[in-house]
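These notes concern the structure reproduced below.
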Amino acid sequence: MTSPELLPILRYPDPRLHTVARPVAQVDDRIRTLIARMLATMYDAQGIGLAATQVDVHERLIVIDVSEERNQPMVLINPAVEWASAETRKGEEGCLSVPGIYDGVERPVAVRVRAQDEHGAERTIEAEGLLAVCIQHEMDHLMGKVFVEYLSPLKRNRIKTRLAKAQREAVRG
Ligand code: QAP
Ligand code: CO
């Protein structure tokens with residue numbers, strides 16, 4: 020078995036990161052192939068979560084693995100938040116689309132989410148801690164939202180400048 024093909028990850032401030040995803044109409048082999056590629060891409064980049072938006076596919080699909088051993092892949096198709104805790108917490112976040120940048124974002128500490136799995140079966144996921152943060156961060160991507168949009172315009176502009184500089188240096192080599 021050959022490993023799934025890796026997908027290029029869009030980098031902030033790519034305007035395509037602000038596309039609103041449409042629902043996945045049918046959980047079929049096309050979607051399962053995409054899931055395999057997204058998981059391979061996430062593991063290769065040492066991420067804990069990746070939304071389809073980040074690989075320029077604008078459908079409601081997320082892959083996550085917050086396990087230490089990197090062996091507990093989760094797939095959320097057409098996720099919907101059923102409930103979020105009133106209690107919130109500010110935690111450090113990063114993003115594969117915003118490499119090298121980390122900052123605090125305040126979010127509910129726990130959520131209950133309904134989603135389909137890779138077979139199209141409906142499941143309810145109760146999450147808290149890192150998993151809850153990751154699900155919310157990835158669901159934001161599906162709405163075209165990147166975590167830096169929670170930061171002040173000043174911080175966001177500094178991040179844009181820094182990423183543009185890093186990009187120029189990478190291109191020049
Ligand atoms: C979202 O983010 C997340 O800057 C997933 O150089 C992050 O997987 C949810 C990464 C934190 C909750 C808490 C970022 C890898 C990975 C980088 C990621 C980098 C290499 C980010
Ligand atoms: Co992200």
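In terms of the working numbering, the numbers along the sequence shown are unbroken and rise by one, the last being 192.
Cβ coordinates follow ideal geometry from the N, Cα and C atoms, glycine included.
**Message:** Since Thr-52 and Leu-25 should fall inside the 8 Å C-beta cutoff, what is the C-beta to C-beta distance between them, to a whole number of angstroms?
**Reply:** Thr-52 to Leu-25, Cβ: 13 Å. No contact.
**Prompt:** Pairing CB atoms from the region 85 to 97 with CB atoms from the region 135 to 146, are three or more of them under 8 Å?
**Reply:** yes
**Unbroken stretches of the beta strand (DSSP E), 3 residues or longer, contained in the region 90 to 136** = 93 to 103, 107 to 112, 122 to 127 and 129 to 135
**Message:** Between the alpha carbons of Asp-47 and Pro-118, how many angstroms are there, rounded?
**Reply:** Cα to Cα, Asp-47 sits roughly 32 Å from Pro-118.
**Item:** Three-state secondary structure (DSSP) of Leu-80
**Value:** If DSSP states are grouped into helix, strand and coil, Leu-80 belongs with the strands.
**First and last residue of the uninterrupted alpha helix (DSSP H) at Gly-68** = Taken as a continuous stretch (DSSP letters only), Gly-68 belongs to no alpha helix (DSSP H), being part of the beta strand (DSSP E) at 68 to 70.
**Message:** Within a Cβ cutoff of 7 Å, which residues of the same chain sit near Val-128, ignoring the five residues on either side of it in sequence?
**Reply:** Ser-104, Glu-106, Thr-107, Arg-108, Glu-147 and Ala-151
**Message:** Count Cβ pairs between the region 179 to 189 and the region 57 to 72 that sit closer than 8 Å; are there 3 or more?
**Reply:** no
**Message:** Within 10 Å of its beta-carbon, does Val-165 have 16 or more other beta-carbons around it, so buried, or fewer, so exposed?
**Reply:** buried
**Prompt:** Given a threshold of 16 other Cβ atoms within 10 Å of its Cβ, counted over all protein chains shown, does Met-162 qualify as buried or as exposed?
**Reply:** exposed
**Request:** Below 8 Å on the Cβ atoms is my guess for Glu-157 versus Ile-81; work out the distance and round it to an integer in Å.
**Result:** Contact flag correct, Cβ pair sits at about 4 Å.
**Request:** Could you tell me how far apart the beta carbons of Met-42 and Arg-79 are, in whole angstroms, since I believe they sit closer than 8 Å?
**Result:** What sits at residue 42 in the sequence shown is Pro, not Met. Confirmed, about 5 Å.
**Request:** Compute every distance between the C-beta of Ser-22 and the non-hydrogen atoms of ligand 2, then say whether any falls below 8 Å.
**Result:** no
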